[in-house]
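First comes the structure, then the notes that go with it.
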Amino acid sequence: MGIPHDGQSHTRRAHSVPLRQVVPSLLRDPARALVEFGERSRGEVVRLNLGSFRPYLVTRPEHLQQVLREKSDNYVRAGDGLQWRPLKRLFGEGILSDGEYWANSRHILQPLFTARRIESLVDRLAEAIEDAVDELEAPARTGAPVDMGTEQARIVCSAIMRVFFADKISVADAMRIMQAQDAIAWSVMPRIMVPWAPLAVPMPGDRSFRRAVRLIDELLLPTVRASRETAESDGDDIIATLWRGRTEDGGRLDERQVRNDTVAMVATTTETTISVLTWLWPHLEKDPQVAARLYEEIDRVVGGAPVRREHLRELRYTRQVLDELLRLYPIGWLFPRRAVQADVIGGVPVEAGATIVVSPMITHRMSMFWDRPEVFDPDRFAPERVRARHRYAHFPFGGGPHQCIGMHLFYLEATLIVATVLSRYRFRLRRRAVPGIKVAAALRPLDRVEVTLRPVEGAAA
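Set out below in structure tokens:
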């Protein structure tokens, strides 16, 4: 099938991928099936035939730019859409929704996550991460194995709860929330896979979902309510900012919206870093040349000192490694949109009300946009190669008005964690294989990643 030029004026019907091809392959291996659909589309807009539900799959960077940025007002996060409907029962109306609720929450929260403000928090985050990494000293000394997914969750929660939530949420409670989020991510998959099923119809995972949401509310709602009384005198932590903030029309958020945005911000400030870095260690074990370059850079830039602000700009290869991890494992792997009005994408007419499926996981692994896409190669993100690539060939944080406000935080926090751990320890995997992908509401490693650690001689302690 031919690939239309962006400027062509004629329109045509979208090619349809039949039901008998879509559903069985999605059930067997969702990640591989979705990438194969993208490969077969060759960048054209196609329809996935899921019976009564037939979304358009959009993969080409030029078309993604149209949907996510140029015509973002026409392609909205629908509350009853493919992914948002089941997750809305957790996050409600707020920063992860659309329309007025989203605009008000974004207006209040955006100043906390600008590049300049995040950079101002470097030293505080670095110290919190150092303190958390200190706890790896005991297993490193004894050779006891550690689960890097769990340890990363502890390190991230320690830093985020201290710097962004002023320790109003304890690390122990934050870890319980992480476990609940993981249960939710998996429990909503039946509803994402069968999006036409009414919420009133019981499905597998519903009971687990309700139990996890109840736990999150039990842990967070008392803190949210208590913070209301002290918000005016509190600092600039997220919960106090939400209570004090003024919406675009000068109003205030009510308790439900503050609760919704608190839940959303706990998730978005932690989940990407925890999950993405879990894949780092197996890839370093599998790719000794990548590992050697990363170690050399960290040893040269950081040496035996604690990681600090002045080191970050010199950790260029570390940033390339993170970008390559985000290419292969974008935690937000699905960005569904609903067309408000009829439009044309790549020469294909799209009717009003249609669902558009946008997936970084698919576009990031398509051979027409990436050379040897299955290979882990941080050199893809050398500056000269990035400049030659379309902006929307790599979009792990979305794009346009809804681009994730936590993007700058991820790069800063992940760089600090990688540099702090590897300036102090080397590691060996107990199981050398790179974990597969478990497709849930957010991507997860299919297997645990356990390592043994060895202290680096002369490293800061």
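Just so we're on the same page, this note's numbering is the position in the sequence shown counted from 1, plus 329. Backbone N, C-alpha and C define an ideal beta-carbon position, used for all residues, glycine too. Note that the structure is a prediction, hence the values are computed from the model and not measured.
Test item: CB-CB of residue i and residue j under 7 Å
i	j	result
residue 684	residue 665	yes
residue 614	residue 783	no
residue 419	residue 542	yes
residue 593	residue 425	yes
residue 507	residue 482	yes
residue 689	residue 696	no
residue 602	residue 743	yes
residue 403	residue 679	no
residue 779	residue 531	no
residue 405	residue 667	yes
residue 646	residue 629	no
residue 627	residue 711	no
residue 595	residue 553	no
residue 496	residue 777	no
residue 687	residue 384	no
residue 492	residue 441	no
residue 616	residue 705	yes
residue 568	residue 597	no
residue 583	residue 494	no
residue 398	residue 728	yes
residue 752	residue 631	yes
residue 545	residue 512	no
CB contact below 7 Å: residue i versus chain C
i	result
residue 341	You won't find chain C in this structure, because it holds only one protein chain.
Same chain only: Cβ atoms within 6 Å of residue i, ignoring 5 sequence neighbours per side
i	result
residue 335	Here residue 335 scores only 43 on pLDDT, less than 50, and its place in the model should not be relied on; the value that follows carries that caveat. Cβ within range, chain order: 391.
residue 730	401
residue 360	766 and 768
residue 394	721
residue 659	689, 690 and 725
residue 775	764, 765 and 767
residue 737	444 and 447
residue 430	422 and 423
Sequence-distant residues of its chain with Cβ nearer than 7 Å to residue i (five each side left out)
i	result
residue 341	676 and 677
residue 452	637 and 638
residue 484	458, 461, 462 and 746
residue 331	Confidence at residue 331 is low in this model, with a pLDDT of 34, below 50, so its placement is unreliable and no value can be given for it.
residue 579	none
residue 389	372 and 675
residue 517	415, 416, 534, 538 and 770
residue 488	454, 457, 458, 461 and 742
residue 560	569, 572 and 573
residue 739	601 and 602
residue 757	780 and 781
Beta-bridge pairing of residue i - partner residues as DSSP gives them
i	result
residue 476	779
residue 404	668
residue 344	375
residue 684	667
residue 677	674
residue 784	754
Residues of its chain near residue i, where Cβ-Cβ distance is below 8 Å and the 5 sequence neighbours each way are ignored
i	result
residue 486	500, 503, 504, 507 and 599
residue 699	656, 693, 709 and 722
residue 754	465, 469, 782, 783, 784, 785 and 788
residue 514	769, 770, 771 and 773
residue 428	405
residue 671	678, 679, 680 and 681
residue 609	650, 654 and 747
residue 344	330, 370, 373, 375 and 376
residue 498	490, 506, 548, 549, 552 and 595
heavy atom of the ligand COA below 6 Å from residue i C-beta
i	result
residue 591	Looking for the ligand COA in the displayed structure turns up nothing, as the structure carries no ligands at all.
Exercise. Could you name each continuous beta strand (DSSP E) segment of 3 residues or more that falls completely within the stretch 698-782, going from the start of the chain to the end?
Key: Counting whole runs of 3 or more residues, the stretch 698-782 contains the beta strand (DSSP E) stretches 754-758.
Self-check item: 4 or more residues per run - each alpha helix (DSSP H) lying fully within the stretch 362-401
Solution: Complete alpha helix (DSSP H) runs here, min 4: 390-394.
Quiz item: Hey, which unbroken runs of the alpha helix (DSSP H) at 4 residues or more fall wholly within the stretch 415-462?
Solution: Correct list: 428-438, 444-449 and 451-462.
Quiz item: Do the stretch 572-579 and the stretch 421-438 make contact, defined as three or more Cβ pairs closer than 8 Å?
Solution: Yes, since at least three Cβ pairs between the stretch 572-579 and the stretch 421-438 fall closer than 8 Å, the two stretches touch.
Practice problem: Pick out the complete alpha helix (DSSP H) segments inside the stretch 604-643, 4 residues or longer, and give them in chain order. | Solution: Counting whole runs of 4 or more residues, the stretch 604-643 contains the alpha helix (DSSP H) stretches 609-615, 617-630 and 638-641.
Practice problem: Give, in chain order, every unbroken run of the alpha helix (DSSP H) that is at least 4 residues long and sits entirely within the stretch 535-579. | Solution: Every unbroken stretch of the alpha helix (DSSP H) spanning 4 or more residues and falling wholly within the stretch 535-579 is given here in chain order: 535-559 and 567-573.
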